[in-house]
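Below you'll find the structure, written out as structure tokens, and then a few comments.
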Amino acid sequence: MFEKFTDKARRVVVLAQEEAKSLNHNYIGTEHILLGLIHEGEGVAAKALEALGISQEAVR
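The letter at position 46 of the sequence shown is residue 83 when you use my numbering, and the numbering goes up by one with no holes.
Okay, structure coming up:
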């Protein structure tokens, strides 16, 4: 399913899954994807969020 994703996109999904597990959620929601995007830190989305001053701590 994820073979067409870039390496960064796959990493974001894995990070989102880890966030969901750490919060004891049995699903991956948009909130987990957002945390994964911020945590990944290198992609365009992460840089845009950083430029807007949005941190992982603020999202939590």
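Backbone N, C-alpha and C fix where the C-beta goes; we use that ideal spot for every residue, glycine too. Every value quoted in this text rests on a predicted model; they were computed, and no experiment measured them.
Closer than 7 Å: residue i CB and nearest the ligand MG heavy atom
i     : result
ALA83 : This structure lacks the ligand MG, and indeed carries no ligand of any kind.
DSSP state of residue i mapped onto helix, strand, coil
i     : result
GLY73 : helix
THR67 : helix
LYS58 : helix
LYS41 : coil
GLU79 : coil
ARG97 : coil
LEU89 : coil
Close beta carbons around residue i, own chain, < 8 Å, minus the five adjacent residues each side
i     : result
ALA57 : ASN63, TYR64, ILE65, GLY66, HIS69
LEU72 : LEU52, ALA53, GLU56, GLN93, VAL96, ARG97
Contacting residues, own chain, Cβ-Cβ under 6 Å from residue i (five flanking each side not counted)
i     : result
LEU74 : VAL49, ALA82, ALA83
PHE39 : ARG47
ALA85 : none
8 Å Cβ cutoff met for residue i and residue j
i     : j     : result
ASP76 : LEU60 : According to the sequence shown, residue 76 is His rather than Asp. No, the Cβ-Cβ distance between HIS76 and LEU60 is not below 8 Å.
LYS41 : GLU79 : no
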